[in-house]
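Below you'll find the structure, written out as structure tokens, and then a few comments.
Protein chains in written order, with this note's numbering: chain A, 16 to 500; chain B, 11 to 362.
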């Protein structure tokens, strides 16, 4: 550490207490990566503030010292979004885990950013729940969910984090504390709240979050159907959606994922099945029953090899266990894997799966497919052996070609994991220079010095020009959409 | 893009205009020139199998809905749309209707956007798939920005299946307390409504709960039971279209005042009381806390003076006698940040 950094650490210690500033090298290692371990950078210090005021003091100190920082929740992200910046500070929100208010009459919950996703649903049980449910929901935090606009298995019907955040208290990169929205919807002015959610920590750090919750569905019905191929199962997905049915969740696994997950969980999936399709309907009892019968009929007519309907909650959990274990189980197939998160229009599924298969053969690498079939969000897992020289690079190249195939089909490079460091090189496949330049305008409005999570999202560094001229009263203010107090 | 060049080349200030059905919501445009989206009237894509569509900004919502309905689909956005309101105008003003209770508002249904900035830059964000977190969500920033950050050229939207049948449970009461209680009983019940609205006018209140699907009638009957348990008189309406049209209609006033209040469920009773005192009609989404007060004639200033200290209040339709006054942001920092965004997107203050 140089003299400037030593001075900053002293300032941080004064702000949050010595015991909440980590500088020992072996302790810093804990923070060098998020869930995507191939990216690792050791920060110069990690600071754990306990309140919004302390976050503000920390950010102000960084601002004065000109030091970049990265906010971090549970570090379970899968895009390297929380990878530290060299010589920068990590602001861990893990001490800020208070549920501040549960307002059931108005169906709102107010939390600090370090509260876990599952804790919100637990706090409003048994009559309500918080729908966004990323697979990591037991550990991942609401602050991280806000940064990444996290989804989950149930977002085809229920939507994403952005559809449930009604208010945010933020510390901006210059240390100002700002509140956007609150318990009410539609605060006046442009939707800055909506622009912040999913901004991957590059616009500031949320210190308090207002969330909407909804009543639990009256009934849930779950089945898993097995088919000869993912393409056959994909046609079933299209028939279900075309029939006007909106399942709570609709998930697919291919043969390789089934083999891995079955070996790991023993959920009873036939390991010779070409594809498993998990369909879950929820809602009002009568409607749910009627629609569930339709789904069973569609699966039968499409020639399902077998259909297993969950008779009770235990069997439902067993069906889901195999799906949720798919990533963790990959270790049984290959020592390492590289996961992608691309999205395609659902109608292009057969074509894109064909292309992935072709690429796998070309590269002589196994690619397992697990996906959120309703919204076309694929998670191809490119399997490789990191101990074989050059194989990791080939896996990465193959993964890149899969992303390209998805974008070419009219899709996106990422559906829920975020761009982070991992996918920023793919951004130009989706966005041209003017698009990226327009993103940068938003970044510069929030963070003109670009100290919040620099090096993420944007494929190449860009500067923020000065806003020209002296301050003028803007039409936005004249129109009363904004005010300067 | 022609419109982008026109915007960049305009000498003075500019106001973007769709069908012009909501001009009274904004301050007078002074000597600003008008930039019309009327030429942008193509339904660019309707991907029925993917339940998505791409619309140019000037497409009247009603025309787009006809296209979607032919495939048994809808854009779940149903603001009052008389006069050919365009999708661009609806998104720019964040207008919405009863379907918002189930499907969210414009911000939740728009998955991608193409805009023209004041300097002629044409930029897109989002995409054409319903799940996508690549890049900043600028479509949300432009939703409700009244065209002051740029001109919306094109939007990509998520569609939903049209419900096969609908039925509505209607609860009647002359007590604002029971009205709020009836609505709360339904927002907290394990039922799935297409819409949940309240209405209060001239001493009488209604709770409307609409259901869709093959069992719509059964579901509505169950809801009517819940309303009776809450002390309301309840009936079932199967031909329910006109009931909901009336709700949407009350969000506009041809010559009077419409104030949109961002409140909470627990404010419904109080707001019904305010409507009663001023002779206004109250309609809105009970579960979302979004309520519209319509006053065709009466004490406009008095009504606003009553609402503003208590609630986040936006004046939509404005009588000519009432001067424009900004909706007040409750948190000064938010307004400041909005001004910083304006400076970056439109540094010369061209778009008004």
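We put the beta carbon where it would ideally sit given N, CA and C, even for glycine.
This structure is a prediction, so every number in the text was calculated from the model and none was measured.
Tell me the DSSP bridge mates of residue i?
i: residue 194 of chain A; result: A:184
i: residue 124 of chain B; result: B:134 and B:164
i: residue 268 of chain A; result: A:291 and A:385
i: residue 398 of chain A; result: A:352
i: residue 307 of chain B; result: Partner(s): none; residue 307 of chain B has no beta bridge.
i: residue 84 of chain B; result: B:170
i: residue 392 of chain A; result: A:358 and A:387
i: residue 96 of chain B; result: B:70
i: residue 143 of chain A; result: A:230
i: residue 249 of chain A; result: Partner(s): none; residue 249 of chain A has no beta bridge.
Say whether chain B places a C-beta atom closer than 9 Å to the C-beta of residue i.
i: residue 220 of chain A; result: no
i: residue 307 of chain A; result: no
i: residue 31 of chain A; result: no
i: residue 177 of chain A; result: yes
i: residue 432 of chain A; result: yes
i: residue 438 of chain A; result: yes
i: residue 256 of chain A; result: yes
i: residue 259 of chain A; result: yes
If we cut at 9 Å on Cβ distances, does residue i have a partner in chain A?
i: residue 339 of chain B; result: yes
i: residue 249 of chain B; result: no
i: residue 363 of chain B; result: Residue 363 of chain B lies beyond the stretch modelled for chain B, which goes from 11 to 362, so this question has no answer here.
i: residue 155 of chain B; result: yes
i: residue 88 of chain B; result: no
i: residue 283 of chain B; result: no
i: residue 131 of chain B; result: yes
Residue i versus chain A: which residues are under 9 Å apart at the beta carbon?
i: residue 138 of chain B; result: 360, 425, 426 and 427
i: residue 43 of chain B; result: None at all; the shortest Cβ gap to chain A is about 14 Å.
i: residue 300 of chain B; result: 199, 200 and 201
Could you list which residues in chain B have their beta carbon closer than 8 Å to that of residue i, in chain order?
i: residue 232 of chain A; result: 200 and 202
i: residue 195 of chain A; result: 341, 344 and 347
i: residue 442 of chain A; result: 144 and 145
i: residue 392 of chain A; result: 141
Identify the continuous beta strand (DSSP E) that holds residue i and give its terminal residues.
i: residue 222 of chain A; result: 220 to 227
i: residue 116 of chain A; result: 114 to 118
i: residue 432 of chain A; result: Unbroken run through residue 432 of chain A: none, as it is neither H nor E.
i: residue 66 of chain B; result: 62 to 66
i: residue 44 of chain B; result: 43 to 46
i: residue 292 of chain B; result: 291 to 295
i: residue 288 of chain B; result: Careful: residue 288 of chain B lies outside any beta strand (DSSP E), inside the alpha helix (DSSP H) at 278 to 288.
Under 9 Å between beta-carbons, which chain B residues line up against residue i? List them in chain order, please.
i: residue 120 of chain A; result: 194, 198, 274, 275 and 276
i: residue 207 of chain A; result: 150, 151, 344, 347, 348 and 351
i: residue 237 of chain A; result: Ordered by position in chain B, no residue passes the 9 Å Cβ test against residue 237 of chain A, which lies about 17 Å from the chain.
Which first and last residues belong to the alpha helix (DSSP H) in which residue i is found?
i: residue 443 of chain A; result: 442 to 445
i: residue 241 of chain A; result: That residue, residue 241 of chain A, is in no alpha helix (DSSP H); its beta strand (DSSP E) goes 234 to 242.
i: residue 88 of chain B; result: Here residue 88 of chain B belongs to no alpha helix (DSSP H), and DSSP marks it neither H nor E.
i: residue 197 of chain B; result: 186 to 197
i: residue 87 of chain A; result: Where residue 87 of chain A is concerned, there is no enclosing alpha helix (DSSP H), although the beta strand (DSSP E) it sits in stretches over 84 to 87.
i: residue 245 of chain B; result: Unbroken run through residue 245 of chain B is the beta strand (DSSP E), 243 to 247; no alpha helix (DSSP H).
i: residue 207 of chain B; result: It is not in any alpha helix (DSSP H) - residue 207 of chain B instead sits in the beta strand (DSSP E) that spans 205 to 211.
i: residue 57 of chain B; result: That residue, residue 57 of chain B, is in no alpha helix (DSSP H); its beta strand (DSSP E) goes 53 to 57.
i: residue 501 of chain A; result: No statement about residue 501 of chain A is possible, as the shown extent of chain A runs from 16 to 500 and does not include it.
i: residue 182 of chain B; result: Counting along the chain, residue 182 of chain B falls outside any alpha helix (DSSP H), though it belongs to the beta strand (DSSP E) covering 176 to 183.
i: residue 98 of chain A; result: Here residue 98 of chain A belongs to no alpha helix (DSSP H), and DSSP marks it neither H nor E.
Residue i to residue j, Cα distance in whole Å?
i: residue 274 of chain A; j: residue 288 of chain A; result: 9 Å
i: residue 414 of chain A; j: residue 202 of chain B; result: 40 Å
i: residue 484 of chain A; j: residue 350 of chain B; result: Reliability of the predicted coordinates at residue 484 of chain A is poor, the pLDDT of 47 falling under 50, and no value is obtained from them.
i: residue 296 of chain B; j: residue 408 of chain A; result: 55 Å
i: residue 128 of chain B; j: residue 150 of chain B; result: 18 Å
i: residue 500 of chain A; j: residue 191 of chain A; result: Low confidence applies to residue 500 of chain A: its pLDDT is 33, below 50, so where it sits in the model is not reliable, and the reading given next is rough at best. Each residue's Cα considered, the two are about 14 Å apart.
i: residue 22 of chain B; j: residue 45 of chain B; result: 12 Å
i: residue 347 of chain B; j: residue 322 of chain A; result: 54 Å
i: residue 494 of chain A; j: residue 37 of chain B; result: For residue 494 of chain A, the pLDDT reaches just 45, beneath the cut-off of 50, and the residue's location in the model is therefore unreliable, leaving the point undetermined.
i: residue 281 of chain B; j: residue 292 of chain B; result: 8 Å
i: residue 320 of chain A; j: residue 291 of chain A; result: 10 Å
i: residue 74 of chain B; j: residue 284 of chain B; result: 37 Å
i: residue 137 of chain A; j: residue 46 of chain A; result: 28 Å
Could you list which residues in chain B have their beta carbon closer than 7 Å to that of residue i, in chain order?
i: residue 214 of chain A; result: 146
i: residue 456 of chain A; result: 354 and 355
With respect to 8 Å, is the separation between the Cβ of residue i and the closest non-hydrogen atom of the ligand PLP below this value?
i: residue 152 of chain A; result: You won't find the ligand PLP in this model; it holds no ligand whatsoever.
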